[in-house]
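Numbering (my numbering), first residue to last: 971 to 1222.
Think of the CB as a built atom: it goes at the ideal place given N, C-alpha and C, for glycine as much as any other residue.
The structure displayed is predicted, hence computed values, not measured ones.
Working notes for the structure below.
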Ligand SMILES: N[C@@H](CCC(=O)N[C@@H](CS)C(=O)NCC(=O)O)C(=O)O
């Protein structure tokens, strides 16, 4: 018995939402501790004790402090009783395949999506200048990653990655990353995602399989999406762009 589980999270962060959805879906008892990145709470001495890398998510479970969302998802899958096997299969080959996708994700899909969103919408929204060059480079990585998802990992019989019939922690992690694209201009989001029909279907299937928690944890993002849409409309009407300097830049 490891004792109490604390999850240090900011719901605007995609890997944090994956952890929260996983815990809620699997009936894991935990306390959610908000670490507001926009207010630099991740740089506080208290949080640095939990994660010296100063990034969310992180967990504290008894004496164990753990960071990196994939390691956390794998740990939760194994440390808590009664978690359905499909999330992180005990079969060594299936588990290895899931780890392979998770490793790929960091430097491909997440890298492209996160840098693209930061340099188009999220950065400017919190007072950082747009960086079209970084956005263009990230877009290439993102499109190439979407193509690999479509043609390699969503190529099997089932509706989930690796042809599975039920989702794993890899489905959850990758779909939470792609849902961050919701904050983009609708046309831009459509331009990026619409060629990838299997990816679109898989996002929907993962959302359905993890509801109602998927929606609950993404509500904050949908509110941000609405706010950015209104800002874009105001800019289009007035012809001028104003930036919001209230928060510091944060990578989400
Ligand atoms: N590889 C890490 C990524 C963690 C990460 O980049 N977290 C972001 C939020 S999505 C963060 O804490 N950013 C704060 C900063 O970099 O200032 C994971 O999967 O947990």
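For the region 1103-1154, list the alpha helix (DSSP H) runs that are entirely contained and at least 4 residues long, ordered along the chain. 1139-1149
Near residue 1067, what residues of its chain come up, given a Cβ to Cβ distance below 8 angstroms and the 5 sequence neighbours on each side ignored? 1132
According to DSSP, is residue 1214 part of a helix, a strand, or is it coil? Confidence is the limiting factor: at residue 1214 the pLDDT is only 45, short of 50, which leaves the residue's position unreliable, though a coordinate-based value still follows. Residue 1214 falls in the coil class under three-state DSSP.
Which partner residues does residue 1004 have in the DSSP bridge list? 979
Per DSSP, residue 1029 is paired with what? 977 and 1036
Per DSSP, what kind of secondary structure is residue 1221 in: helix, strand or coil? Low local confidence applies: a pLDDT of 48 at residue 1221 is under 50, so the model's placement there is unreliable, with the coordinate-based value given in what follows. Reduced to three states, the DSSP call for residue 1221 is coil.
Using the beta-carbon count (16 or more within 10 Å), is residue 980 buried or exposed? buried
What does the alpha-carbon distance come out to for the pair residue 1112 and residue 1161? 12 angstroms
Answer yes if the region 1076-1088 comes into contact with the region 1098-1112, meaning at least three C-beta pairs across the two stretches below 8 angstroms, and no otherwise. yes
Under 7 angstroms: does the beta carbon of residue 984 sit that close to some heavy atom of ligand 1? yes
Just the C-alpha distance for residue 1221 and residue 1039, rounded to the nearest angstrom, thanks. Confidence at residue 1221 is low in this model, with a pLDDT of 48, below 50, so its placement is unreliable and the value that follows should be read with caution. Straight-line Cα distance between these residues: approximately 15 angstroms.
Here's the rule I'm using: 16 or more other beta-carbon atoms within 10 Å means buried, otherwise exposed. How should residue 1216 be labelled? The predicted position of residue 1216 is uncertain, since its pLDDT is 39 and thus under 50; a value taken from the coordinates is nonetheless stated next. Exposed: under 16 other Cβ atoms inside 10 Å.
From what residue to what residue does the alpha helix (DSSP H) around residue 1065 run? 1062-1077
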